[in-house]
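Residue numbers (the UniProt record's numbering): 1 to 191.
Structure first, commentary second.
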């Protein structure tokens, strides 16, 4: 049995308190998009076209060290996936995301991973051979909170429309058979 020092015991207690508050719905993210959207079939949160909130700004360093700004993708549908190398469902989901990316990229669809609460080397090793789209490195999960994705909701996927607004949110792992038609539906919309 591990012995916790006083600082570690306090940190563990705070982490449990936060996890409980998130699970109980007491901690909201900063985006507040959930008020404008409704949970539909299979737990997919959908935002009506006329009521979609703007996605928060998302910029930073990709795992390969280059800079990325989500604003540069305006005009394209963007699928944003929150993941971590430590996340078991993320391993199974990665091939599904890549399959959807390959099936939809010719329709003006981009994919962006956001790696959270992770080590850069572990994240790079995880991504290698699994996905071909870029991922932002966000070890503090700041972008997740901006998107109203709580720390315990990894993996999660957000589909942005061509105007940079939140169209759909899925707070669990997804299969290509589910995700591809959702992305195609948003890609078929006309601004």
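The beta-carbon is built from N, C-alpha and C at its ideal position, and this holds for glycine as well.
Assigned exposure category for residue i - 16 Cβ within 10 Å defines buried
| i | result |
| --- | --- |
| residue 173 | buried |
| residue 186 | buried |
| residue 155 | buried |
| residue 41 | exposed |
| residue 135 | buried |
| residue 73 | buried |
| residue 161 | buried |
| residue 148 | buried |
| residue 55 | buried |
| residue 61 | exposed |
| residue 106 | exposed |
Terminal residues of the alpha helix (DSSP H) in which residue i lies
| i | result |
| --- | --- |
| residue 144 | 142-146 |
| residue 72 | Segment: none, residue 72 is in no alpha helix (DSSP H) and carries neither H nor E. |
| residue 149 | Taken as a continuous stretch (DSSP letters only), residue 149 belongs to no alpha helix (DSSP H), as it is neither H nor E. |
| residue 94 | 88-104 |
Backbone CA spacing between residue i and residue j [nearest angstrom]
| i | j | result |
| --- | --- | --- |
| residue 97 | residue 175 | 8 Å |
| residue 178 | residue 121 | 31 Å |
| residue 198 | residue 64 | Nothing can be reported for residue 198: it is not among the residues displayed for the chain, which extend from 1 to 191. |
| residue 71 | residue 88 | 30 Å |
| residue 86 | residue 118 | 7 Å |
| residue 171 | residue 82 | 9 Å |
| residue 49 | residue 188 | 12 Å |
| residue 116 | residue 141 | 5 Å |
| residue 22 | residue 150 | Legend: pLDDT at residue 22 = 38, less than 50; position of this residue unreliable, value from coordinates given subsequently. Each residue's Cα considered, the two are about 7 Å apart. |
| residue 93 | residue 131 | 10 Å |
| residue 124 | residue 95 | 16 Å |
| residue 37 | residue 51 | 8 Å |
| residue 126 | residue 163 | 31 Å |
| residue 137 | residue 76 | 22 Å |
Among the options, nearest to residue i - alpha-carbon criterion
| i | options | result |
| --- | --- | --- |
| residue 103 | 190, 189, 184, 188 | 184 |
| residue 46 | 85, 165, 153 | 165 |
| residue 53 | 180, 190, 159 | 159 |
| residue 145 | 114, 69, 68 | 114 |
| residue 153 | 61, 190, 143 | 143 |
| residue 182 | 128, 78, 112 | 78 |
| residue 101 | 133, 129, 57 | 133 |
Run of the beta strand (DSSP E) containing residue i, from where it starts to where it stops
| i | result |
| --- | --- |
| residue 67 | 67-69 |
| residue 176 | Unbroken run through residue 176 is the alpha helix (DSSP H), 176-187; no beta strand (DSSP E). |
| residue 48 | Residue 48 -> no beta strand (DSSP E), and no H or E assigned at all. |
| residue 39 | 37-39 |
| residue 135 | 135-138 |
| residue 157 | 156-160 |
Chain B within 9 Å of residue i, Cβ atoms only
| i | result |
| --- | --- |
| residue 99 | The chain labelled as chain B is not found in the depicted structure, where only one protein chain is given. |
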